[in-house]
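At position 134 of the sequence shown (counting the first as 1) the number is 148 in the numbering used here, and the numbers step up by one without a gap. Data first, discussion second: the structure below is written as structure tokens.
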Amino acid sequence: TVLKKHYDGHAMSEVQKQHLTALSHENTFTVVTAHQPSLLTGPLYYIYKIFSAINLAEQLKESFPSYHFVPIFISGSEDHDFEEINHLHLFQHKIVWQNEGKGPVGRLTLDGLPAVLAEVKSLFGTSPFADELTGILDTALAGSIRYNDFVFKLLNQLFGRYGLIVLNMDDEALKGHFKDVMKQELLDHPSAELIRESQERWQSMGYHSQAHA
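Okay, structure coming up:
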């Protein structure tokens, strides 16, 4: 229901429509990745993360054709670390978004973002591809009120043709359904043991643990 609300009024590819419908089927699995809403996608691994989820969903569909696999990108819009997402590096230039807002980055107004887009466009040069990118950025900005709106429309244009579904978790209905999980986590800490077990498996394969419960 929340996803349908998010996509209401937005252009969707046929494969996105199929994926949105498939989410209500019992034989559907999701392939999920997530990241903070970095400025204009920010570091390249933002793109790699998304395409990895898309590719894995496609491979799983080939291996298990009787099931549905939907690639989903969760935009970490409740992150408060604006300094982490407010810049990008492009052609040896560091471009910084100046915005005095506070709180969850997805709820920020778009103050200062048009200046960022103007600077980025000036670095694109002139070519059909540059014109296409400029059009994508302009479309994402048009009608957007909060940064969440801009990011959603940008990602939908870039990855909608591949069937990616974008989920913004900063939603009252989603939080209402999640409250029992949060209560259990605060009181009983069930994720700690799961993370410990996963870390031990990683370490047994020669990897170094980079996050801890």
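All residues carry an ideal CB built from backbone N, CA and C; glycine is no exception. Just so you know, these numbers come straight off a predicted model, no measurement behind them.
| query | Roughly how many whole angstroms lie between the Cα atoms of H222 and S205? | reply | Walking along the sequence shown from the start, residue 222 turns up at place 208. Walking along the sequence shown from the start, residue 205 turns up at place 191. In a straight line, the C-alpha of H222 is about 19 Å away from that of S205.
| field | Residue burial classification, G177 (beta-carbon count within 10 angstroms, cutoff 16) | value | Within the sequence shown, residue 177 is the residue found at index 163, counting from 1. Buried, since its Cβ has 16 or more Cβ neighbours within 10 Å.
| Enumerated in chain order, which unbroken segments of the alpha helix (DSSP H) with a length of 4 residues or greater are wholly contained in the stretch 24 to 79? | 28 to 36 and 58 to 77
| Since L37 contacts Y21 with CB under 8 Å, what's their CB separation in whole angstroms? | Walking along the sequence shown from the start, residue 37 turns up at place 23. Walking along the sequence shown from the start, residue 21 turns up at place 7. Rounded, the Cβ-Cβ distance is 12 Å, inconsistent with contact.
| Per DSSP, which one or two residues make a beta bridge with L104? | Working through the sequence shown from its first residue, we reach residue 104 at position 90. Answer is H107, bridged to L104.
| Selection from L208, R160 and H191 that minimises the alpha carbon distance to V16 | By one-based count along the sequence shown, residue 16 stands at place 2. Among L208, R160 and H191, the Cα nearest to that of V16 belongs to H191.
| said: Going residue by residue through the stretch 80 to 164, where are the continuous alpha helix (DSSP H) segments of at least 4 residues, counting only ones entirely within it? | reply: Correct list: 96 to 99, 127 to 138 and 142 to 155.
| Buried or exposed by the 16-neighbour rule on C-beta atoms within 10 Å, applied to N41 | Along the sequence shown, one-based indexing puts residue 41 at 27. When all chains shown are included, N41 counts as exposed.
| query | Are G120 and N162 closer than 8 Å when you measure CB to CB? | reply | Taking the sequence shown and counting its residues from 1, one reaches residue 120 at position 106. Taking the sequence shown and counting its residues from 1, one reaches residue 162 at position 148. Their beta carbons are under 8 Å apart, which means G120 touches N162 by this criterion.
| CB contact flag (M183, E92, <8 Å) | Here residue 183 is taken as the residue at index 169 of the sequence shown, counted from 1. Here residue 92 is taken as the residue at index 78 of the sequence shown, counted from 1. Yes. Within cutoff.
| So what does DSSP say about L178, is it helix, strand or coil? | Position 164 of the sequence shown, counted from the start, is the residue given in the question as residue 178. Three-state result, L178: coil.
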